[in-house]
Amino acid sequence: DTGVSQDPRHKITKRGQNVTFRCDPISEHNRLYWYRQTLGQGPEFLTYFQNEAQLEKSRLLSDRFSAERPKGSFSTLEIQRTEQGDSAMYLCASSLSGDSYNEQFFGPGTRLTVL
Amino acid sequence: AQSVTQPDIHITVSEGASLELRCNYSYGATPYLFWYVQSPGQGLQLLLKYFSGDTLVQGIKGFEAEFKRSQSSFNLRKPSVHWSDAAEYFCAVHMNRDDKIIFGKGTRLHILP
Chain A
1 DTGVSQDPRH KITKRGQNVT FRCDPISEHN RLYWYRQTLG QGPEFLTYFQ
51 NEAQLEKSRL LSDRFSAERP KGSFSTLEIQ RTEQGDSAMY LCASSLSGDS
101 YNEQFFGPGT RLTVL
Chain B
1001 AQSVTQPDIH ITVSEGASLE LRCNYSYGAT PYLFWYVQSP GQGLQLLLKY
1051 FSGDTLVQGI KGFEAEFKRS QSSFNLRKPS VHWSDAAEYF CAVHMNRDDK
1101 IIFGKGTRLH ILP
């Protein structure tokens, strides 16, 4: 296993279109996180899963955003009716929840450009 | 609410010079503290972390950071920078071990030859 992978790496879309991103975590990791990073900012938390359950959603995650992790492995993040303000890097991270601290490992991100 | 402040948006140093990147956090208790590095087109890489104990922590690539409780600071240092250190550096806090990470806005490091 080479780490967290994300697909696609880049996505250009027109305003109003729907887009879906995929994240494959490190195989034994039960926690999966989504963050968004806009230009000149640090990553901001969007949501996270423990196994299949979505445990927390940020207020940044508007109704147009939906995330799933149906089998507790890979996750998808869908944005409906994209807006120019959605242009950002979407980062996925995974970790193994346990008794001790477990590092969140980040994927390379999906860069979304909304025209 | 907890927050992380990195007061320097850009820093430029000459290759071989020493480096210090500043970070202050706001939180009632001592959170877990981190420094990440992000190179263009790359994901975030953890440089070092502080949980408790010795306030001077060593990381990868020759970086170290010092936790100062009285100043709520966690500054990153390197005695001699290399051109390959040019990247964006993020200070971050983590309230609970499984919770979300809160990042600062980042400091972009430029290296002069």
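For the protein sequence lines, the chains are A and B, in the order given.
Everything in the first sequence is counted per the working numbering, starting at 1 for the first residue and increasing by one.
Everything in the second sequence is counted per the working numbering, starting at 1001 for the first residue and increasing by one.
Heads up, the beta-carbon is just placed ideally off N, CA and C, and yes, glycines get one too.
From a predicted model like this one, the values you see are computed outputs, not experimental measurements.
- Item | Simplified DSSP assignment, three categories, for A:Ser87 | Here residue 87 of chain A is taken as the residue at index 87 of the first sequence, counted from 1. Coil.
- Report the neighbours of A:Tyr33 on chain B: residues whose CB is nearer than 7 Å to its CB, in chain order. On the first sequence, position 33 is the one that residue 33 of chain A refers to. Simply Lys1100.
- What residues in its chain sit with their C-beta under 6 Å from that of B:Gly1059, if we drop five residues either side in the sequence? In the second sequence, the residue the question calls residue 1059 of chain B occupies position 59. If we look at B:Gly1059 and ignore the five residues flanking it on each side, its Cβ neighbours are Leu1047, Leu1048.
- Cβ contact check for the region 24-34 of chain A and the region 90-102 of chain A: 3 or more pairs under 8 Å: yes
- Nearest neighbour of A:Asn18, chosen from A:Ser73, A:Gln80, A:Ala67 [CA to CA]: Locating residue 18 of chain A in the first sequence gives position 18, counting from the first residue. Of the candidates A:Ser73, A:Gln80, A:Ala67, the one whose C-alpha sits nearest the C-alpha of A:Asn18 is A:Gln80.
- Task: Could you have a look at B:Asp1008 and say whether DSSP puts it in helix, strand or coil?
- Result: For the purposes of this step, residue 1008 of chain B is taken as residue 8 along the second sequence, with counting starting at 1. Coil, per DSSP.
- Starting from the N-terminal side, write out each stretch of the beta strand (DSSP E) that is 3 residues or longer and does not extend beyond the region 1047-1097 of chain B. 1056-1058, 1064-1068, 1073-1078, 1087-1094
- Secondary structure of B:Gln1002, DSSP reduced to three states: Position 2 of the second sequence, counting from 1, holds the residue named residue 1002 of chain B. Here B:Gln1002 sits in coil by DSSP.
- Query: Counting only beta-carbon atoms, is A:Gly72 nearer than 8 Å to chain B?
  - Reply: As a working note, residue 72 of chain A is residue 72 in the first sequence. It does not: the Cβ of A:Gly72 has no partner Cβ on chain B nearer than 8 Å.
- Query: Should B:Ile1101 go down as buried or exposed, given a rule of 16 or more other Cβ atoms within 10 Å for buried?
  - Reply: Counted from its first residue, the second sequence places residue 1101 of chain B at position 101. Buried, by the Cβ-count rule.
- Message: Quick check on the burial criterion: 16 or more other C-beta atoms within 10 angstroms. Buried or exposed for B:Glu1088?
- Response: Within the second sequence, residue 1088 of chain B is the residue found at index 88, counting from 1. Burial call: buried.
- Could you pull out every residue in the same chain whose Cβ sits closer than 6 Å to the Cβ of B:Ser1014, ignoring the five residues on either side in sequence? Taking the first residue of the second sequence as position 1, residue 1014 of chain B is located at position 14. Around B:Ser1014: Leu1112.
- Message: Just to check my reading of the structure: B:Gly1106 and A:Gly42 have Cβ atoms closer than 8 Å, yes? What is that Cβ distance to the nearest angstrom?
- Response: In the second sequence, residue 1106 of chain B corresponds to position 106, counting from 1. In the first sequence, residue 42 of chain A corresponds to position 42, counting from 1. Contact holds; Cβ gap of about 5 Å.
- Straight-line gap, A:Asn51 to A:Pro70 (C-alpha atoms, nearest Å): Within the first sequence, numbered from 1, the residue matching residue 51 of chain A stands at position 51. Within the first sequence, numbered from 1, the residue matching residue 70 of chain A stands at position 70. If you take the alpha carbons of A:Asn51 and A:Pro70, they lie about 9 Å apart.
- Item | Contacts around B:Ala1017, its chain only, beta-carbon distance under 8 Å, and the 5 residues preceding and following it disregarded | As a working mapping, residue 1017 of chain B is identified with position 17 in the second sequence. Taking B:Ala1017 as the centre and dropping the five residues before and after it, the same chain places the C-beta of Ser1080, Val1081 closer than 8 Å to its C-beta, in chain order.
- Message: With a threshold of 8 Å between beta-carbons, can B:Phe1051 be considered close to chain C, or not?
- Response: Of the protein chains in this structure, namely A and B, none is chain C.
- Query: Quick one, are the C-beta atoms of B:Phe1063 and B:Phe1074 less than 8 Å apart?
  - Reply: The count along the second sequence starts at 1 and reaches residue 1063 of chain B at position 63. The count along the second sequence starts at 1 and reaches residue 1074 of chain B at position 74. Their beta carbons are not under 8 Å apart, which means B:Phe1063 does not touch B:Phe1074 by this criterion.
- Task: Output the boundary residues of the beta strand (DSSP E) element that contains A:Ala53.
- Result: Position 53 of the first sequence, counted from the first residue, corresponds to residue 53 of chain A. For A:Ala53, the enclosing beta strand (DSSP E) stretches over residues 53-57.
- Item | For A:Val114, the first and last residue of its enclosing beta strand (DSSP E) | Position 114 of the first sequence, counting from 1, holds the residue named residue 114 of chain A. 110-114 is the extent of the beta strand (DSSP E) around A:Val114.
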